[in-house]
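There are 2 protein chains.
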Amino acid sequence: MKNMFAVKGNIIFTKEFGVYEVLENGFIVVEDKYVKGVYSKLGKEYDNIKIIDYGNSIIIPGFVDIHLHAPQFANLGLGLDKELMPWLESYTFPEEAKYSNITYAKKVYSRLIKELWKFGTTRACVFATIHKNSSKLLMDMFHESGLGAFVGKVNMDRNSPDYLVETTEASLFDTEEILKEYSSKYSLVKPIITPRFVPTCSTKLLKGLGVLAEKYKVPVQSHLSENIGEISFVKELHPEAKNYASIYNDAGLFGNTQTIMAHCVLVDDNEIDLMVKNKVFVAHCANSNSNLTSGIAPVRKFINKGIPVGLASDVSGGHSLSMMDVIVSSAQVSNLKYIESDRNDKPLNTAELFYLATKGGGKFFGKVGSFEEGYEFDALVIDDSDLPIFKALSIEERLQKFIYTGDDRNIKERYVAGDNIREPKFI
Amino acid sequence: MKNMFAVKGNIIFTKEFGVYEVLENGFIVVEDKYVKGVYSKLGKEYDNIKIIDYGNSIIIPGFVDIHLHAPQFANLGLGLDKELMPWLESYTFPEEAKYSNITYAKKVYSRLIKELWKFGTTRACVFATIHKNSSKLLMDMFHESGLGAFVGKVNMDRNSPDYLVETTEASLFDTEEILKEYSSKYSLVKPIITPRFVPTCSTKLLKGLGVLAEKYKVPVQSHLSENIGEISFVKELHPEAKNYASIYNDAGLFGNTQTIMAHCVLVDDNEIDLMVKNKVFVAHCANSNSNLTSGIAPVRKFINKGIPVGLASDVSGGHSLSMMDVIVSSAQVSNLKYIESDRNDKPLNTAELFYLATKGGGKFFGKVGSFEEGYEFDALVIDDSDLPIFKALSIEERLQKFIYTGDDRNIKERYVAGDNIREPKFI
Ligand SMILES: [Zn+2]
Ligand SMILES: [Zn+2]
Numbered sequence: 001m002k003n004m005f006a007v008k009g010n011i012i013f014t015k016e017f018g019v020y021e022v023l024e025n026g027f028i029v030v031e032d033k034y035v036k037g038v039y040s041k042l043g044k045e046y047d048n049i050k051i052i053d054y055g056n057s058i059i060i061p062g063f064v065d066i067h068l069h070a071p072q073f074a075n076l077g078l079g080l081d082k083e084l085m086p087w088l089e090s091y092t093f094p095e096e097a098k099y100s101n102i103t104y105a106k107k108v109y110s111r112l113i114k115e116l117w118k119f120g121t122t123r124a125c126v127f128a129t130i131h132k133n134s135s136k137l138l139m140d141m142f143h144e145s146g147l148g149a150f151v152g153k154v155n156m157d158r159n160s161p162d163y164l165v166e167t168t169e170a171s172l173f174d175t176e177e178i179l180k181e182y183s184s185k186y187s188l189v190k191p192i193i194t195p196r197f198v199p200t201c202s203t204k205l206l207k208g209l210g211v212l213a214e215k216y217k218v219p220v221q222s223h224l225s226e227n228i229g230e231i232s233f234v235k236e237l238h239p240e241a242k243n244y245a246s247i248y249n250d251a252g253l254f255g256n257t258q259t260i261m262a263h264c265v266l267v268d269d270n271e272i273d274l275m276v277k278n279k280v281f282v283a284h285c286a287n288s289n290s291n292l293t294s295g296i297a298p299v300r301k302f303i304n305k306g307i308p309v310g311l312a313s314d315v316s317g318g319h320s321l322s323m324m325d326v327i328v329s330s331a332q333v334s335n336l337k338y339i340e341s342d343r344n345d346k347p348l349n350t351a352e353l354f355y356l357a358t359k360g361g362g363k364f365f366g367k368v369g370s371f372e373e374g375y376e377f378d379a380l381v382i383d384d385s386d387l388p389i390f391k392a393l394s395i396e397e398r399l400q401k402f403i404y405t406g407d408d409r410n411i412k413e414r415y416v417a418g419d420n421i422r423e424p425k426f427i
Numbered sequence: 001m002k003n004m005f006a007v008k009g010n011i012i013f014t015k016e017f018g019v020y021e022v023l024e025n026g027f028i029v030v031e032d033k034y035v036k037g038v039y040s041k042l043g044k045e046y047d048n049i050k051i052i053d054y055g056n057s058i059i060i061p062g063f064v065d066i067h068l069h070a071p072q073f074a075n076l077g078l079g080l081d082k083e084l085m086p087w088l089e090s091y092t093f094p095e096e097a098k099y100s101n102i103t104y105a106k107k108v109y110s111r112l113i114k115e116l117w118k119f120g121t122t123r124a125c126v127f128a129t130i131h132k133n134s135s136k137l138l139m140d141m142f143h144e145s146g147l148g149a150f151v152g153k154v155n156m157d158r159n160s161p162d163y164l165v166e167t168t169e170a171s172l173f174d175t176e177e178i179l180k181e182y183s184s185k186y187s188l189v190k191p192i193i194t195p196r197f198v199p200t201c202s203t204k205l206l207k208g209l210g211v212l213a214e215k216y217k218v219p220v221q222s223h224l225s226e227n228i229g230e231i232s233f234v235k236e237l238h239p240e241a242k243n244y245a246s247i248y249n250d251a252g253l254f255g256n257t258q259t260i261m262a263h264c265v266l267v268d269d270n271e272i273d274l275m276v277k278n279k280v281f282v283a284h285c286a287n288s289n290s291n292l293t294s295g296i297a298p299v300r301k302f303i304n305k306g307i308p309v310g311l312a313s314d315v316s317g318g319h320s321l322s323m324m325d326v327i328v329s330s331a332q333v334s335n336l337k338y339i340e341s342d343r344n345d346k347p348l349n350t351a352e353l354f355y356l357a358t359k360g361g362g363k364f365f366g367k368v369g370s371f372e373e374g375y376e377f378d379a380l381v382i383d384d385s386d387l388p389i390f391k392a393l394s395i396e397e398r399l400q401k402f403i404y405t406g407d408d409r410n411i412k413e414r415y416v417a418g419d420n421i422r423e424p425k426f427i
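Same order as they appear, the protein sequences are chains A and B. For the first sequence, the UniProt record's numbering assigns the number 1 to the initial residue and increments by one for each residue that follows. For the second sequence, the UniProt record's numbering assigns the number 1 to the initial residue and increments by one for each residue that follows.
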């Protein structure tokens with residue numbers, strides 16, 4: 001019986017949006033890296049497998065963060081007093097320029113990956129910078145850590161500062177080099193096409209990236225309709241375009257291969273229809289959308305239309321890597337959106353947001369974010385014994401209490417694709 | 001030189017709203033429980049005093065939380081899927097009923113006070129329950145801990161469940177007993193008149209409480225215009241009233257003695273004028289207002305009008321006792337309010353919110369929340385050396401980074417009124 005084991009504990013996950021599956025003192029059997037099944041008692045066929053008993057702890061799928069900027073981790077919690085466009089110029093671009101220096105990149109990326117590990121993020125979709133070498137480094141380091149990630153070298157060939165810009169040709173050339181080298185290099189870490197956003201990418205660059213996405217069958221991530229200032233700039237740059245989304249779409253970067261668009265705060269109905277048609281993922285960045293005064297994305301509307309949605313920290317527009325924090329913030333803004341929108345779009349409850357933070361975003365990685373059979377076994381073991389609890393709580397309530405009042409100290413173990421992942425120690 | 005000492009470190013506080021005073025490697029001289037002065041070098045007159053050197057740490061005023069419900073701490077992070085009125089009935093009232101049991105009260109209150117200590121809250125305005133004995137217990141325990149607090153036995157004589165209601169007479173009698181016994185008992189812990197809110201207090205009860213407030217010269221705390229459902233209920237109960245605030249005002253409970261009103265999300269212009277005239281404090285409860293789908297209070301407007309404002313966790317409508325969390329949440333909703341309000345009310349920046357979380361709320365306690373001469377020395381020593389910092393930061397930036405990304409682990413020492421307060425150990 002090769003590579004088979006079981007973990008035992010209070011299992012909770014969401015197969016369907018907003019519906020908890022709960023198994024008190026249950027077992028998850030893992031074969032190779034996949035979930036074989038979830039059982040209240042182990043059948044005879046599993047008599048000889050190793051059982052790891054986590055006692056009264058809670059076992060949940062690992063958190064999936066589908067949008068964050070690795071270099072901006074150095075700015076975490078700083079400079080949140082501006083809106084998107086001046087924020088990029090004052091804080092973000094100067095920081096990102098530093099990643100031409102591989103030593104500096106290694107210093108920040110080491111700490112970032114440790115913190116992701118700490119907060120129980122087992123999979124992430126990550127923007128690096130325009131720099132080829134530190135982008136490769138980041139992929140190597142994610143691989144070394146054992147966490148799963150899509151990592152994108154960023155593309156920017158216009159409206160960018162002199163110290164952080166590429167030629168169209170170099171941008172495409174470096175991107176293709178990474179695709180060739182990394183597409184099959186690692187099983188849990190993959191490259192992703194990453195035009196920063198329309199303002200910094202010429203049409204020629206976008207079309208070139210669309211060709212690469214198709215040629216190498218790789219996914220795409222970018223930003224869409226985050227902030228008023230950004231949107232008017234896009235309109236100015238592309239008076240001919242039907243809307244912001246269509247510019248990506250015309251370049252083959254809007255669902256031709258699997259695509260994530262971050263924010264989508266201010267998308268119009270035509271853009272939403274295109275997202276539905278092309279199955280474009282939304283990365284919902286509640287903290288960032290509040291911090292940078294962008295607004296509240298219409299997440300309930302996206303979900304009702306069938307658009308796939310995941311949650312995201314959007315560091316460092318977001319100030320916290322903790323997906324528990326991101327869930328709470330997403331709940332809060334969905335409540336505020338509900339009031340704002342004449343009480344049409346029902347607020348998102350904890351079970352719904354938990355789904356988005358696990359299986360919702362996990363879908364972008366394949367079968368990830370659930371304990372259904374055939375899913376990669378990504379899991380967190382939560383010990384809530386030191387939280388202030390004064391009465392018997394259901395597993396659902398314990399999960400909610402952990403999300404709202406716990407922190408990284410309550411996360412005792414992390415599994416990714418069947419492996420127990422220890423704190424990364426980079427040399 | 002009796003009872004004089006100095007602390008040394010990177011000092012930052014706000015004398016004026018939104019304006020940091022910063023002294024790198026400075027000294028705060030403390031005489032008895034008061035700040036004597038803040039100096040970059042110590043004068044000869046202080047040659048022989050004890051100096052406690054906190055090295056590169058940051059020294060800030062203690063946090064002041066001007067609205068929270070002690071018994072609801074047991075529900076922290078639970079049941080946030082309802083709006084105010086059903087939330088009270090489903091979760092809050094059943095929990096509060098348990099505090100007729102003094103043993104249970106002691107268990108929860110011990111942990112609550114430890115957690116307040118942990119998060120660096122040095123002063124708090126607290127609702128207990130209707131129960132006289134556990135309200136007294138809470139005052140005794142706050143005194144024992146060394147933290148400062150106004151603690152109110154709650155009054156409720158109508159529209160309350162059978163298991164959590166008083167007669168008007170008993171409510172007034174028990175309140176007066178506490179006022180007699182506790183008004184001068186402790187220096188840092190004081191009683192406060194605490195009608196829950198208009199829906200649960202008859203006019204006779206309110207007027208009786210107004211008489212007691214005046215007779216014993218004690219302050220008042222209650223709730224005002226938090227949620228749509230609550231406000232329509234108040235209108236139904238008092239068709240004769242000019243507005244919600246006037247009901248408190250007519251009973252002598254709206255600034256006749258120093259008064260805090262929590263929430264004030266939906267106050268109208270007449271109510272705002274009355275708050276200005278009567279110098280009524282607003283307890284701004286950003287987390288709670290989002291969690292219970294109440295809305296966003298117009299804090300910038302209050303401040304522009306000269307209304308005193310402090311920040312509050314409002315546990316357990318709020319899910320976190322951390323005033324760092326409350327500052328972040330307050331920043332986020334003020335950004336969202338700005339967008340909502342056609343960009344009139346400028347968002348609150350970190351320095352402004354830091355002022356509200358220290359000196360703003362501290363004013364309710366007298367000279368508290370600043371390091372100006374004559375202020376009671378409440379302070380936190382912040383060690384940010386393990387936060388991910390990759391470049392030289394100013395003290396202001398380090399404070400911001402602590403607020404946005406740090407937690408209780410970064411708080412190394414807590415002072416209240418000149419005393420270094422150790423973790424409370426209740427027997
Ligand atoms: Zn982003
Ligand atoms: Zn309250």
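The beta-carbon is built from N, C-alpha and C at its ideal position, and this holds for glycine as well.
Any C-beta of chain A under 7 Å from that of residue i
i, result
"B:Y91", "no"
"B:L116", "no"
"B:N3", "no"
"B:N335", "yes"
"B:K277", "no"
"B:K215", "no"
Any non-hydrogen atom of ligand 2 within 6 Å of residue i CB
i, result
"A:D419", "no"
"A:A312", "no"
"B:A262", "yes"
Check: residue i C-beta below 6 Å from any heavy atom of ligand 1
i, result
"B:D157", "no"
Extent of the continuous alpha helix (DSSP H) run through residue i
i, result
"A:G229", "I228 to L237"
"B:S288", "A286 to N291"
"A:Y248", "Y244 to D250"
7 Å Cβ cutoff, residue i in contact with chain B
i, result
"A:G229", "no"
"A:Y404", "yes"
"A:F17", "no"
"A:V267", "no"
"A:E397", "yes"
"residue 430 of chain A", "No answer is possible for residue 430 of chain A: it lies beyond the span of chain A, which begins at 1 and ends at 427."
"A:V108", "yes"
"A:R111", "yes"
Residue range of the unbroken beta strand (DSSP E) whose run includes residue i
i, result
"B:F152", "The question names Phe, but residue 152 of chain B in the sequence shown is Gly. Run containing B:G152: G148 to G152, per the beta strand (DSSP E) assignment."
"residue 458 of chain B", "Outside the modelled stretch of chain B, which goes from 1 to 427, sits residue 458 of chain B, for which no answer is possible."
"B:R414", "I411 to V416"
"A:P61", "K50 to P61"
"B:I421", "First-last for B:I421: undefined, no H or E at that position."
Please name the residues in the region 338-367 of chain A whose beta-carbon is closer than 8 Å to at least one beta-carbon of chain B, in chain order. Within the region 338-367 of chain A, the qualifying residues are Y338, I339, E340, P347, N349 and T350.
Contact residues within the region 139-166 of chain A, judged by C-beta distance below 7 Å to chain B: Within the region 139-166 of chain A, no residue has a Cβ that lies closer than 7 Å to any Cβ of chain B.
Within 8 Å, do at least three Cβ pairs link the region 107-124 of chain B to the region 59-76 of chain B? The region 107-124 of chain B and the region 59-76 of chain B touch, with three or more beta-carbon pairs separated by less than 8 Å.
Near-chain A residues of the region 296-328 of chain B - C-beta to any C-beta below 8 Å: If the cut-off is 8 Å between Cβ atoms, the region 296-328 of chain B has I296, H319, S320 and V328 near chain A.
Are the region 247-255 of chain A and the region 283-293 of chain A in contact at 8 Å, needing three or more beta carbon pairs? Contact between the region 247-255 of chain A and the region 283-293 of chain A is absent: fewer than 3 CB-CB pairs across the two stretches fall below 8 Å.
Cβ pair count under 8 Å reaching 3, the region 47-67 of chain A against the region 373-387 of chain A: Judged by Cβ distances under 8 Å, the region 47-67 of chain A makes contact with the region 373-387 of chain A, as three or more pairs qualify.
Between the region 68-80 of chain B and chain A, which residues of the former have a C-beta closer than 8 Å to a C-beta of the latter? Answer set for the region 68-80 of chain B: F73, A74, L76, G77, L78 and L80.
Is there contact here, the region 122-133 of chain A with the region 155-166 of chain A, by at least three beta-carbon pairs under 8 Å? Yes, the region 122-133 of chain A touches the region 155-166 of chain A.
At a CB distance below 9 Å, what residues from the region 175-188 of chain A approach chain B? Give them in sequence order. Cβ contacts with chain B come from no residue of the region 175-188 of chain A.
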